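Asker: I am attaching a structure below and will ask some questions about it afterwards.
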Amino acid sequence: MTRALRLPALLLLLLALSACSSFHQRETLEFGGDPRAWQAHRASVEPLTDWILQGKLGVRAPRESGSGTVLWLQDQGNYDIRLSGPLGRGATRILGDRHGILLDIAGQPIQQADSPEELLEQQIGWRLPVNNLLWWVRGLPAPDSPSRLQLDTDSRLARLSQSGWTVEYSRYQQIDGRMLPQRLQLSGHDVLLTLVITQWETR
């Protein structure tokens, strides 16, 4: 191959690598969307680390099912998630930071653990992937494990597969200049969770 032919080939390779760099190394795009538009969307949402979220949560699990409300207060790496009514358990409060979590279920002793998932499954009977939800609720894959993405026509997440869960996004809403999820459904580990967000307040 002559030097004149090598240069266009090199430019094409660099363009291909540039498009791939729009995705984190652990992300695999399976279908749809524009990688550059996804990169721009992700860059606008990732800095959001403080919010108040209110919504409705539906749960279908092997042993029991139900619905209730959720209030989620996020302050950087600290969260306070309050569930009211699901599965007839009354008020459940999940407080967490980098040191671990506290689980406060009405009428029961407060429980403490390093990781929320196993403790929640033991105490409430179904798994809630809290650590990943911190990302998924913003319409982003969690950065610490491989993920497979399908984007919608606006290059936002339509479907995400990660850590044994599938997350489907059916509606978004514009909040303070960002497009954030309004309705998402999580399936995995014999659980189906449906979250409808009725109010976002970003800070």
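What the sequence shown shows, in mature numbering (1 follows the signal peptide of the UniProt record, and there is no 0), is residues -24 to -1, 1 to 179, in sequence order.
Cβ atoms here follow ideal geometry from the backbone N, Cα and C, with glycine treated the same way.
Fair warning: this is a prediction, and the values are worked out from it, not measured in the lab.
Excluding the 5 residues flanking SER(-3) on each side, which residues of the same chain have their C-beta closer than 8 Å to its C-beta?
Answerer: Sequence index remark: in the sequence shown, residue -3 carries index 22 (1-based). Any reading at SER(-3) must be qualified, since the residue scores a pLDDT of 45, below 50, and its modelled position is unreliable; no value is offered.
Asker: Can you check whether the CB of ALA118 is closer than 7 Å to the CB of LEU127?
Answerer: Here the question's residue 127 lines up with position 151 in the sequence shown. Here the question's residue 118 lines up with position 142 in the sequence shown. It is not a contact, given that the beta carbons lie outside the stated cut-off.
Asker: State the CB to CB distance for the pair GLU52 and ASP90, rounded to an integer number of angstroms; the pair is presumed to be in contact (CB under 8 Å).
Answerer: By 1-based counting over the sequence shown, the position of residue 52 is 76. By 1-based counting over the sequence shown, the position of residue 90 is 114. Note that residue 52 corresponds to Gln in the displayed sequence, not to Glu. At roughly 19 Å, the Cβ-Cβ gap does not stay under 8 Å, so GLN52 and ASP90 are not in contact.
Asker: Starting from the Cα of TRP176, find the closest Cα among PRO23, PRO92, GLN30 and give me that residue.
Answerer: Position 200 of the sequence shown, counting from 1, holds the residue named residue 176. Among PRO23, PRO92, GLN30, the Cα nearest to that of TRP176 belongs to GLN30.
Asker: I need the DSSP call for SER60, collapsed to helix, strand or coil.
Answerer: Within the sequence shown, the letter at position 84 stands for residue 60. Correct three-state label for SER60: strand.
Asker: Terminal residues of the continuous alpha helix (DSSP H) containing GLU177?
Answerer: Stepping through the sequence shown from its first residue, residue 177 is reached at position 201. GLU177 -> not in any alpha helix (DSSP H); beta strand (DSSP E) instead, spanning 167 to 178.
Asker: Could you give the DSSP three-state label for GLU144: helix, strand or coil?
Answerer: Taking the sequence shown and counting its residues from 1, one reaches residue 144 at position 168. Three-state result, GLU144: strand.
Asker: Could you compute how far the alpha carbon of ARG2 sits from the alpha carbon of GLY83?
Answerer: Position 26 of the sequence shown holds residue 2. Position 107 of the sequence shown holds residue 83. Looking at the two C-alpha atoms, the distance is approximately 42 Å.
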